[in-house]
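Just so we're aligned, residue 9 is where the sequence shown starts under the working numbering, counting upward by one.
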Amino acid sequence: MNALRIEAEDEQYAVGRDIQPITYRFGPFLLDSSRRMLFSGFGARPLPEKVFQILVMLLEANGAMVPKDAFFNRVWPEGHISDANLTQHIFVLRHLLGENARQNEYIVTVAGKGYRFAKPVESKLGLAMKGACERCMAALSTQSAAMICSFECTFCAQCAERAEFSCPNCAGELVARPRRRG
Ligand SMILES: [Zn+2]
Ligand SMILES: [Zn+2]
9 MNALRIEAED EQYAVGRDIQ PITYRFGPFL LDSSRRMLFS GFGARPLPEK
59 VFQILVMLLE ANGAMVPKDA FFNRVWPEGH ISDANLTQHI FVLRHLLGEN
109 ARQNEYIVTV AGKGYRFAKP VESKLGLAMK GACERCMAAL STQSAAMICS
159 FECTFCAQCA ERAEFSCPNC AGELVARPRR RG
């Protein structure tokens, strides 16, 4: 298992995918689909392209089973794909979510058929771009530096630093909010 190799392989297919700017929330995680960033209490990290596509398909299905063929057709349109390859990507995804194959907290294997997502999922268009710091009420534009937790509690840089980058509301890690261009 080598997550880095999967990441490198994915590069060439990463361009030109049309993904809706939807924010999904499940358990302690928040997925910002327009930036392929997974936020959690442990910080924010970009997802490898194919792992990201698989996660979005599971989240979109909203608890229904996604058959293996659906993954093969959408995530590997170039073909030449085996069950082992899908299993490997599911393994990486489970690892990112902090579970192993015997736990079924997030991803449930439907033997021989496919996978489904076990956690309730909330989705909405875009990332909440709150206009003010929740502590000092300083105005924050969508282009200015701001810090958010995985529940989108929002703080100015000074208040975030004073809170030692731990959200005063939920104790999750505060990370830099992506700035909106234009
Ligand atoms: Zn503030
Ligand atoms: Zn919070």
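Each residue gets a CB set at the ideal place from its N, CA and C atoms; glycine is no exception.
Look up residue i in the DSSP assignment and say whether it is helix, strand or coil.
i, result
"Cys167", "helix"
"Thr117", "strand"
"Glu142", "coil"
"Ala184", "strand"
"Arg33", "strand"
"Ile62", "helix"
"Lys76", "helix"
"Phe47", "strand"
"Ile89", "coil"
"Phe125", "strand"
"Thr162", "strand"
"Leu148", "coil"
"Glu130", "strand"
Whole angstroms is fine: what's the gap from residue i's alpha carbon to residue j's?
i, j, result
"Arg124", "Val74", "6 angstroms"
"Arg189", "Ser149", "11 angstroms"
"Asp77", "Ser152", "43 angstroms"
"Glu113", "Ala184", "28 angstroms"
Within 10 Å of its beta-carbon, does residue i have 16 or more other beta-carbons around it, so buried, or fewer, so exposed?
i, result
"Met56", "Residue identity check: residue 56 is Pro in the sequence provided, not Met. Per the 10 Å Cβ criterion, buried."
"Met145", "exposed"
"Val118", "exposed"
"Arg110", "exposed"
"Gln20", "Confidence is the limiting factor: at Gln20 the pLDDT is only 34, short of 50, which leaves the residue's position unreliable, though a coordinate-based value still follows. Flag for Gln20 reads exposed."
"Ala168", "buried"
What is the C-beta distance between residue i and residue j, in whole angstroms, given that I count them as a contact (C-beta under 8 angstroms)?
i, j, result
"Ile98", "Ile62", "7 angstroms"
"Gly120", "Thr31", "Wrong, their Cβ atoms sit about 33 angstroms apart, outside the cutoff."
"Arg33", "Glu130", "4 angstroms"
"Cys164", "Ala171", "Their Cβ separation, rounded to whole angstroms, is 11 angstroms, which puts Cys164 and Ala171 out of contact at 8 angstroms."
Legend entry - Sufficient close CB pairs (3 or more, under 8 angstroms) joining the stretch 151-166 to the stretch 174-182: Contact holds: three or more Cβ-Cβ distances are below 8 angstroms.
Legend entry - the stretch 117-131 contacting the stretch 61-74, beta-carbon criterion three pairs below 8 angstroms: Judged by Cβ distances under 8 angstroms, the stretch 117-131 makes contact with the stretch 61-74, as three or more pairs qualify.
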